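Q:
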Amino acid sequence: MRKVEISSPNGIPDLSAFDGVDFSAAEHRPVVIVGTGPAGLTAAIYAARANLNPLVIKGPEPGGQLITTTDVENYPGFPEGIQGPELMQRFEAQAVRFGASLRYGVVTGVDFAQRPFRLLIDEKTPVLADAVIVSTGASAQYLGLENERRLLGRGVSACATCDGAFFQGEEVAIVGGGDAALEEALFLTRFASRIHLIHRREQLRASKIMQQRALTHDKITVIWNTVVEDVLGESEVEGLALRNVKTGEASVLPVKGLFVAIGHKPNTDVFKAWLETDKLGYIQTRPGSTQTNIPGVFACGDVQDRVYRQAVTAAGSGCMAAIEAERWLAEGSDTDTPPVLTSCGVGQSCG
Ligand code: NDP
237 MRKVEISSPN GIPDLSAFDG VDFSAAEHRP VVIVGTGPAG LTAAIYAARA NLNPLVIKGP
297 EPGGQLITTT DVENYPGFPE GIQGPELMQR FEAQAVRFGA SLRYGVVTGV DFAQRPFRLL
357 IDEKTPVLAD AVIVSTGASA QYLGLENERR LLGRGVSACA TCDGAFFQGE EVAIVGGGDA
417 ALEEALFLTR FASRIHLIHR REQLRASKIM QQRALTHDKI TVIWNTVVED VLGESEVEGL
477 ALRNVKTGEA SVLPVKGLFV AIGHKPNTDV FKAWLETDKL GYIQTRPGST QTNIPGVFAC
537 GDVQDRVYRQ AVTAAGSGCM AAIEAERWLA EGSDTDTPPV LTSCGVGQSC G
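Every letter in the sequence shown is one number past the one before it in the working numbering, and letter 8, counting from 1, is 244.
1. Exposed or buried, residue 538, counting other C-beta atoms within 10 Å across all chains shown (16 or more means buried)?
2. What separation, rounded to the nearest whole angstrom, lies between the Cα atoms of residue 289 and residue 366?
3. Which whole-angstrom value describes the C-beta separation of residue 535 and residue 519, a residue pair presumed to lie in contact below a C-beta threshold of 8 Å?
4. When the distance is taken between beta carbons, is residue 268 closer than 8 Å to residue 291?
5. Measure the C-alpha to C-alpha separation of residue 319 and residue 327 and round it to an integer number of angstroms.
6. For the ligand NDP, any of its heavy atoms closer than 7 Å to the Cβ of residue 498?
7. What residue does the beta strand (DSSP E) around residue 340 start on, and which one ends it?
8. Does the separation of the CB atoms of residue 501 and residue 374 fall below 8 Å?
9. Quick check: the region 402-421 against the region 440-457, are at least 3 beta-carbon pairs closer than 8 Å?
10. Once the 5 residues before and after residue 580 are set aside, which same chain residues still bring their CB inside 7 Å of it?
11. Who are the Cβ neighbours of residue 280 in its own chain at under 7 Å, not counting the five residues just before and after it?
12. When we look at the beta-carbon of residue 544 and count the other beta-carbons within 10 Å, is it buried (16 or more) or exposed?
13. Would you identify the three-state DSSP class for residue 274, choosing helix, strand or coil?
14. For residue 383, which residues in the same chain have their Cβ closer than 8 Å to its Cβ, ignoring the five residues on either side in sequence?
15. Is it right to say residue 437 is buried, meaning 16 or more other beta carbons lie within 10 angstroms of its own, or is it exposed?
16. Using the Cα positions of residue 415 and residue 456, report the straight-line distance between them to the nearest angstrom.
17. Can you check whether the CB of residue 334 is closer than 8 Å to the CB of residue 284?
18. What does the alpha-carbon distance come out to for the pair residue 506 and residue 452?
19. Counting C-beta neighbours from all protein chains within 10 Å, is the total for residue 265 16 or more, i.e. buried, or is it exposed?
20. How would you write the range of the alpha helix (DSSP H) that residue 457 sits in, first residue to last?
21. Spatial neighbours of residue 404 within its chain, please: CB distance less than 6 Å, with the 5 preceding and 5 following residues excluded, ordered by chain position.
22. My understanding is that residue 497 touches residue 412, with C-beta atoms under 8 Å, so please give their C-beta distance in whole angstroms.
23. Which residue marks the beginning of the beta strand (DSSP E) containing residue 557, and which one marks its end?
24. Comparing C-alpha positions only, which one of 372, 487, 345 sits nearest to residue 364?
25. Output the boundary residues of the beta strand (DSSP E) element that contains residue 478.
26. Report yes if the C-beta of residue 322 is less than 7 Å from at least one heavy atom of the ligand NDP; otherwise report no.
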């Protein structure tokens, strides 16, 4: 094992989790892929077909965001649309068919200062990797209200697909003005008697087609220029305290459910000390590439994409990551004398 001298972008990496962990008999793979959304599983398909025997780590939200999506109508090749979970099952079956192995676990530590790279799964299982592909995606954001957290799972949810059926015949609210909020609002019309879409501005961010569908639905009412100040209820949601940001007027909206659809946060915590991220935490990669500031570590999908964030772009960047990892390994770069890194590669800007 060789030491790689690096300067880490976000503070000194804490390697205490590695104390006492014996890596001498650890599983050693050419490629380890962290995350099983469209990016990670596409990387797995390509890496497996390149005989790189990839190990794919299925984390806390296996399948990624598509697992909590209903109809996916914009993934090419499915003119009638496909259910998100089914699409992800197909990705996984295709990766397994070519020899990728998947295992459940959470990557709780990484050491990118050594080659092979060292990873800790579930705080105890050591794994070695010649190249690492990070495809950990992004997770749902919440409003940050104390009672929102307290009532999570008791009326508060970030996943209409998962929890919508609990609100048969009830009035519910959904916060957000993006495609996700409108998609979830439309999904909820199958169950709820009325859906109040609460948006902090007077213009939706969502695509025109989604706006047209949601705004013309007779079960959906939009409450404009309004924020949720509190979630009311003891053991379950009974209502929301609202404030109109234009007039300052406060009101109470009696609803049984609050669905939060205000975007996502990239899952980079375990990598942050090593990999360059932007101010929102998205991993920075070199322009036109999935290469991070650490040679041999690649990032693809929503964890490094705050612009497109689509299943098809995630899959495309997963393909890029696997091809780049394959080329990097084929060039013997993992065994070259490792370069001393500056903040984002050798004299490169991650841009
Ligand atoms: P977006 O970032 O597109 O939208 C987030 C929404 O939440 C915005 O309207 C934003 O308001 C609002 N918001 C953010 N923070 C707060 C807050 N603290 N309080 C109140 N409101 C808040 O995220 P989405 O998850 O909707 O979508 C992510 C990406 O995925 C997008 O590119 C989207 O197009 C895509 N997508 C596509 C789908 C499809 O094609 N079927 C389905 C779902 C998502 P504001 O507008 O004021 O910033």
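Ideal placement from N, C-alpha and C gives every residue a C-beta, glycine not left out. From a predicted model like this one, the values you see are computed outputs, not experimental measurements.
A: Taking the definition as stated:
1. Your numbering for residue 538 matches position 302 in the sequence shown. Buried, because 16 or more other Cβ atoms sit within 10 Å of the Cβ of residue 538.
2. The residue you call residue 289 lines up with position 53 of the sequence shown. The residue you call residue 366 lines up with position 130 of the sequence shown. Roughly 11 Å between the two C-alpha positions.
3. Reading the sequence shown from its first residue, position 299 is the one you call residue 535. Reading the sequence shown from its first residue, position 283 is the one you call residue 519. Going by Cβ atoms, the distance from residue 535 to residue 519 rounds to 4 Å, so yes, they are a contact pair.
4. Position 55 of the sequence shown holds residue 291. Position 32 of the sequence shown holds residue 268. By the CB criterion at 8 Å, residue 291 and residue 268 fall inside the cutoff.
5. In the sequence shown, counting from the first residue as 1, residue 319 sits at position 83. In the sequence shown, counting from the first residue as 1, residue 327 sits at position 91. Take the alpha-carbon of residue 319 and the one of residue 327: they are about 13 Å apart.
6. What you label residue 498 is simply residue 262 of the sequence shown in a count that begins at 1. Remark: the shortest separation between the CB of residue 498 and any heavy atom of the ligand NDP falls under 7 Å.
7. Position 104 of the sequence shown, counted from the first residue, corresponds to residue 340. In the DSSP annotation of this structure, the continuous segment of the beta strand (DSSP E) that includes residue 340 starts and ends at 337-340.
8. Translated into positions along the sequence shown, residue 501 becomes position 265. Translated into positions along the sequence shown, residue 374 becomes position 138. Yes, they are a contact pair.
9. Flag = yes, the region 440-457 and the region 402-421 touch.
10. Start at 1 with the first residue of the sequence shown, and residue 580 comes out as number 344. Confidence in residue 580 is poor, its pLDDT being 40 and thus under 50, which makes the residue's placement unreliable; the coordinate value appears in the next sentence. Result list for residue 580: 512, 520, 529, 586, in chain order.
11. Position 44 of the sequence shown, counting from 1, holds the residue named residue 280. So the qualifying residues of the chain are 269, 290, 292, 331, 336.
12. Residue 544 sits at position 308 when you count from the first residue of the sequence shown. Residue 544 is exposed by the Cβ-count criterion.
13. The count along the sequence shown starts at 1 and reaches residue 274 at position 38. Residue 274: helix per DSSP, three-state reduction.
14. The count along the sequence shown starts at 1 and reaches residue 383 at position 147. These residues qualify, in order along the chain: 466, 467, 468, 469.
15. Here residue 437 refers to the residue found at position 201 of the sequence shown. With fewer than 16 other CB atoms across the displayed protein chains lying within 10 angstroms of its CB, residue 437 is exposed.
16. By 1-based counting over the sequence shown, the position of residue 415 is 179. By 1-based counting over the sequence shown, the position of residue 456 is 220. Here the alpha carbons of residue 456 and residue 415 stand approximately 15 Å from one another.
17. As a first step, residue 284 is located in the sequence shown; it is residue number 48 there, counting from the start. As a first step, residue 334 is located in the sequence shown; it is residue number 98 there, counting from the start. Yes, the Cβ-Cβ distance between residue 284 and residue 334 is below 8 Å.
18. Here residue 506 corresponds to residue number 270 of the sequence shown, with the count starting at 1. Here residue 452 corresponds to residue number 216 of the sequence shown, with the count starting at 1. Those two C-alpha atoms are separated by around 43 Å.
19. Within the sequence shown, numbered from 1, the residue matching residue 265 stands at position 29. In the assembly as shown, residue 265 is a buried residue. Its beta-carbon has 16 or more other beta-carbons within 10 Å.
20. Here residue 457 refers to the residue found at position 221 when the sequence shown is read from its first residue. Counting along the chain, no alpha helix (DSSP H) covers residue 457; the unbroken beta strand (DSSP E) around it starts and ends at 456-459.
21. Here residue 404 refers to the residue found at position 168 when the sequence shown is read from its first residue. For residue 404, same chain residues with a beta-carbon under 6 Å away, outside a window of 5 residues either side, are 427 in chain order.
22. Along the sequence shown, one-based indexing puts residue 497 at 261. Along the sequence shown, one-based indexing puts residue 412 at 176. Contact holds; Cβ gap of about 4 Å.
23. By one-based count along the sequence shown, residue 557 stands at place 321. Not the beta strand (DSSP E): residue 557 falls in the alpha helix (DSSP H), residues 547-566.
24. Within the sequence shown, residue 364 is the residue found at index 128, counting from 1. Put simply, of 372, 487, 345 the residue whose alpha carbon is nearest the alpha carbon of residue 364 is 345.
25. Start at 1 with the first residue of the sequence shown, and residue 478 comes out as number 242. Boundaries of the beta strand (DSSP E) harbouring residue 478: 475-480, taken from the DSSP string.
26. In the sequence shown, residue 322 corresponds to position 86, counting from 1. No, the Cβ of residue 322 stays beyond 7 Å of every heavy atom of the ligand NDP.
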